[in-house]
Ligand SMILES: [Zn+2]
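Numbering (full-length UniProt numbering), first residue to last: 1 to 310.
What follows is the structure, encoded as structure tokens:
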């Protein structure tokens with residue numbers, strides 16, 4: 001993932017972004033008047049008909065206008081200075097706001113012939129449309145995984161410095177780790193927790209009554225017990241954060257107990273990095289931890305655990 005602000009894909013603009021992902025530039029054309037339309041919208045900007053169709057185009061065009069920004073338009077673009085912000089007119093006549101790449105400042109001239117450069121900005125294949133001179137050999141900018149060049153520790157985990165925001169963002173993933181070890185939550189453990197917490201409600205501690213009256217047919221573990229047992233479940237994170245002074249458990253953004261853990265169950269856990277956010281307080285890494293009864297698709301605990309590094 002990129003730390004720079006990215007376009008939000010909407011229902012209307014999705015075919016454009018999806019096309020770039022697939023290596024194709026798609027622009028809308030009106031079936032009534034044949035007019036070409038950009039930016040993506042519902043109706044034709046020439047005849048107002050609600051009859052637009054996405055068509056692949058070459059992406060060839062000319063430079064309509066440009067400016068070189070020497071002061072970042074946002075702090076996130078500081079590493080791109082000067083940025084060549086441009087308006088490109090495609091062969092079809094539509095104009096696109098974009099940036100020019102692979103050009104020296106004195107090579108940029110209004111009216112010059114341009115061709116598209118597909119710039120892949122993250123591991124998911126999300127792609128931005130940039131342009132360069134028609135006679136350049138540049139056609140695409142591949143994604144450079146910021147984690148690729150980082151060192152690993154003895155356990156093979158990638159070492160990510162807390163002051164490397166690009167690498168930290170690259171840790172965010174939809175994919176969970178492998179399952180952890182499993183442990184058994186038996187009645188003795190539940191009783192110990194009941195004593196410790198003072199929560200000795202019969203649904204947890206009275207197997208005879210639970211057999212007769214509980215909808216689960218047996219006693220179940222306290223949700224908060226299963227939550228804290230997370231410390232005994234070692235899911236292997238593929239990274240290690242380095243270079244911080246202190247690391248604190250900052251609490252939880254979300255804590256849910258969607259499925260019960262009947263006494264005697266085996267549980268296991270897995271996790272993924274849900275987000276990384278930087279603020280004046282430090283770097284907050286949110287780990288989405290799921291604890292499951294082994295074999296149950298539905299998690300027993302969902303915990304968005306926030307770890308704060310300073
Ligand atoms: Zn039209």
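Where a beta carbon is used, it is the ideal one built from N, C-alpha and C, also for glycine. Since we're looking at a predicted model, the values are computed, not measured.
Asked                                                                                                               : Found
Sub-8 Å separation of residue 60 and residue 115 beta-carbons                                                       : yes
Meets three-Cβ-pair contact criterion under 8 Å: the stretch 129-143 and the stretch 88-102                         : yes
Length of the line joining the Cα atoms of residue 307 and residue 93                                               : 51 Å
Where residue 286 falls, given that 16 or more other Cβ within 10 Å makes a residue buried                          : buried
Nearest to residue 22 (by Cα), restricted to the options 106, 53, 118, 72                                           : 118
Span of the alpha helix (DSSP H), counted from its first residue to its last, around residue 15                     : 14-21
Candidates 108, 147, 133, of which the one nearest residue 123 by Cα                                                : 147
Three-state secondary structure (DSSP) of residue 322                                                               : This structure cannot speak to residue 322, because the chain is shown only from 1 to 310.
Residue 318 classed as buried or exposed, judged by whether at least 16 other C-beta atoms fall within 10 angstroms : As displayed, the chain neither begins before 1 nor continues past 310, which places residue 318 out of reach and without an answer.
Residue 49 Cβ short of 7 Å to ligand 1 heavy atom set                                                               : yes
Spatial distance of residue 256 from residue 296 (CA atoms)                                                         : 16 Å
Separation of residue 47 from residue 276, as counted between CA atoms                                              : 46 Å
Whole-Å CB distance - residue 172 paired with residue 273, under 8 Å assumed                                        : 5 Å
Selected residue, minimal CA-CA separation from residue 207, among 252, 11, 187                                     : 187
Backbone secondary structure at residue 107 - three-state DSSP                                                      : helix
Beta-carbon proximity check, residue 243 vs residue 161, cutoff 8 Å                                                 : yes
Residue from 261, 168, 282 whose Cα sits closest to the Cα of residue 249                                           : 282
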